[in-house]
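Under the working numbering, read the sequence shown as residues -12 to 286, first letter to last. Single-structure report; data block below.
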Amino acid sequence: MSSISASAATIECDGNLSDIVITSAVNTQTNMEMVPTNESINASACAGFFEGNDQPLPTFNTGIWGDGLLNGEKHKKGATWFGAPGAFITEDDLQDLDGDGLVNDPGWIFLGKDDGKGFETTNLTQWFMDGSSFDLDRYLNINFSCAEECKSGDWSLFFPEPERMLAELASSIFGDRFFDHLAFSFKVGKNTIIYDFNFNMINEGLNDSFDLAIPHNFEGEFDLSGFAHDISHISVWARDPIGVTSVDEPLSLYLFICSLLALGLIRVTRKKESKLELWQRWGARKAAFKSFLIKNGHE
-12 MSSISASAAT IECDGNLSDI VITSAVNTQT NMEMVPTNES INASACAGFF
38 EGNDQPLPTF NTGIWGDGLL NGEKHKKGAT WFGAPGAFIT EDDLQDLDGD
88 GLVNDPGWIF LGKDDGKGFE TTNLTQWFMD GSSFDLDRYL NINFSCAEEC
138 KSGDWSLFFP EPERMLAELA SSIFGDRFFD HLAFSFKVGK NTIIYDFNFN
188 MINEGLNDSF DLAIPHNFEG EFDLSGFAHD ISHISVWARD PIGVTSVDEP
238 LSLYLFICSL LALGLIRVTR KKESKLELWQ RWGARKAAFK SFLIKNGHE
């Protein structure tokens, strides 16, 4: 089987782009196979080894700068794995996702991880204006198989209800756009290595075969047997562009909106609360989000 390469700019990496490949990509709308017969698609870029686990996870998981390792947040031990503009992207890919007037948000979203017990989809999905959560687990199935003490195997990423998923996403902060990058983070021994598929770049080699507005069902393979240690877990990220580069509304309004989006603040609960208690709880969380933005240079 031959492979298609779409290499990005050089990033220090101890692996090979062929360590993980896409062997099948089916457009869920047309049911057409995007990967040419007897070929596979190599990763576009990789980065690592980084020392340690791929922590911390995002706090809000909305793709803003400084929230999650791929969005420039420092590792829990203090090292910066990805500086500006963020992992595997250029300044042209940046967005203004928090409405602070700065086009500096990478847009990486954490999807979940498999630590050997099956893939666990993230619950950091409070992506609606009313603070409710998107049911990602319903619409996304990711699976990994492992062989040889978990050094190699197969992977798949399927969308069982793509049309319904897109309809629901249309009213979320991400709208009806779909991801243009897909990244896999492998914990190998005491280190982490991350591989990225950049579909903008892959499209250049496939005559724009991928319609990035439509979900695709993927299958692939990975082989990290060239490393001494086994894989202990695999995390998956996607970069979801929304096509917004600037805003004119006041920051105070967007802090309010972003607080609702990221934290899911004022919602009806089973426990009755007074209006005063609700506003006190909302004020505290809004202040925490504003403090986070200021800490990471958003104000």
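Even glycine gets a Cβ: it sits at the ideal position worked out from N, Cα and C.
Can you pull the DSSP bridge partners for residue 108?
Residue numbering aside, residue 108 sits at position 121 when the sequence shown is read from its first letter. The partner list for residue 108 (beta bridge, DSSP) reads 99.
For residue 89, three-class secondary structure by DSSP:
Position 102 of the sequence shown, counted from the first residue, corresponds to residue 89. Residue state, collapsed to three classes: coil.
My understanding is that residue 12 touches residue 205, with C-beta atoms under 8 Å, so please give their C-beta distance in whole angstroms.
Reading the sequence shown from its first residue, position 25 is the one you call residue 12. Reading the sequence shown from its first residue, position 218 is the one you call residue 205. Correct: roughly 5 Å between the Cβ atoms.
Can you tell me whether DSSP reads residue 5 as helix, strand or coil?
What you label residue 5 is simply residue 18 of the sequence shown in a count that begins at 1. Reduced to three states, the DSSP call for residue 5 is helix.
In the DSSP assignment, the alpha helix (DSSP H) including residue 164 goes from what residue to what residue?
Here residue 164 corresponds to residue number 177 of the sequence shown, with the count starting at 1. Where residue 164 is concerned, there is no enclosing alpha helix (DSSP H), given that its DSSP letter is neither H nor E.
First and last residue of the uninterrupted alpha helix (DSSP H) at residue 192:
For this step, residue 192 is matched to residue 205 along the sequence shown. 186 to 192 is the span of the alpha helix (DSSP H), which, as asked, contains residue 192.
Rounded to the nearest angstrom, how far is the Cβ of residue 56 from that of residue 69, given a contact under 8 Å?
Counting from one through the sequence shown, the residue named residue 56 turns up at place 69. Counting from one through the sequence shown, the residue named residue 69 turns up at place 82. With a Cβ gap of about 7 Å, residue 56 and residue 69 count as contacting.
Measure the alpha-carbon distance for residue 89 versus residue 95 and round it to whole angstroms.
Against the sequence shown, residue 89 aligns to sequence position 102. Against the sequence shown, residue 95 aligns to sequence position 108. So the two alpha carbons sit approximately 17 Å from each other.
Does the Cβ of residue 23 have 16 or more other Cβ atoms within 10 Å, making it buried, or fewer, making it exposed?
To locate residue 23, count along the sequence shown from 1; it is residue 36. The residue is exposed, with fewer than 16 neighbouring Cβ atoms inside 10 Å.
Quick check on residue 154: does DSSP put it in helix, strand or coil?
In the sequence shown, counting from the first residue as 1, residue 154 sits at position 167. The answer is helix: DSSP assigns residue 154 an H, G or I state.
With C-beta atoms as the reference, is residue 41 less than 8 Å away from residue 182?
Counting from one through the sequence shown, the residue named residue 41 turns up at place 54. Counting from one through the sequence shown, the residue named residue 182 turns up at place 195. No, they are not a contact pair.
If you follow the beta strand (DSSP E) that residue 141 is part of, which residue opens it and which one closes it?
Numbered from 1 along the sequence shown, position 154 holds the residue referred to as residue 141. Element bounds for residue 141: 139 to 145.
Span separating the alpha-carbon of residue 175 from that of residue 221:
Taking the sequence shown and counting its residues from 1, one reaches residue 175 at position 188. Taking the sequence shown and counting its residues from 1, one reaches residue 221 at position 234. Computed Cα separation, rounded: 9 Å.
Within 10 Å of its beta-carbon, does residue 147 have 16 or more other beta-carbons around it, so buried, or fewer, so exposed?
Sequence index remark: in the sequence shown, residue 147 carries index 160 (1-based). Exposed.
Alpha carbon to alpha carbon, how far is residue 107 from residue 98? Give it in angstroms, no decimals.
Taking the first residue of the sequence shown as 1, we reach residue 98 at position 111. Taking the first residue of the sequence shown as 1, we reach residue 107 at position 120. For residue 98 and residue 107, the distance between alpha carbons rounds to 9 Å.
My output table needs one value for residue 287: the three-state DSSP class, helix, strand or coil.
The question about residue 287 has no answer here: the residues shown for the chain are numbered -12 through 286.
Distance between beta carbons of residue 214 and residue 199, contact taken as under 8 Å:
By one-based count along the sequence shown, residue 199 stands at place 212. By one-based count along the sequence shown, residue 214 stands at place 227. Their Cβ separation, rounded to whole angstroms, is 32 Å, which puts residue 199 and residue 214 out of contact at 8 Å.
Starting from residue 79, follow the alpha helix (DSSP H) in both directions and report where the run begins and ends.
Here residue 79 is taken as the residue at index 92 of the sequence shown, counted from 1. Careful: residue 79 lies outside any alpha helix (DSSP H) and carries neither H nor E.
Cα separation between residue 3 and residue 125?
If you number the sequence shown from 1, residue 3 lands on position 16. If you number the sequence shown from 1, residue 125 lands on position 138. Straight-line Cα distance between these residues: approximately 33 Å.
Going by DSSP in three states, residue 124 sits in which element: helix, strand or coil?
For the purposes of this step, residue 124 is taken as residue 137 along the sequence shown, with counting starting at 1. The answer is helix: DSSP assigns residue 124 an H, G or I state.
To the nearest angstrom, report how far apart residue 224 and residue 170 are at their CA atoms.
Walking along the sequence shown from the start, residue 224 turns up at place 237. Walking along the sequence shown from the start, residue 170 turns up at place 183. Residue 224 and residue 170: Cα-Cα distance of roughly 5 Å.
Run through DSSP, which three-state label would residue 44 get?
Taking the first residue of the sequence shown as 1, we reach residue 44 at position 57. Reduced to three states, the DSSP call for residue 44 is coil.
What number of angstroms, rounded off, separates the C-alpha of residue 61 from the C-alpha of residue 53?
By one-based count along the sequence shown, residue 61 stands at place 74. By one-based count along the sequence shown, residue 53 stands at place 66. Their Cα atoms are separated by approximately 8 Å.
Can you tell me whether DSSP reads residue 58 as helix, strand or coil?
The residue you call residue 58 lines up with position 71 of the sequence shown. Note: residue 58 maps to helix in three-state DSSP.
Quick one: what's got a C-beta closer than 6 Å to residue 216's C-beta in the same chain, skipping five residues either side?
In the sequence shown, counting from the first residue as 1, residue 216 sits at position 229. Cβ within range, chain order: 175 and 176.
Rounded to whole angstroms, what is the Cα-Cα separation between residue 16 and residue 10?
On the sequence shown, position 29 is the one that residue 16 refers to. On the sequence shown, position 23 is the one that residue 10 refers to. Going from the Cα of residue 16 to the Cα of residue 10 covers about 19 Å.
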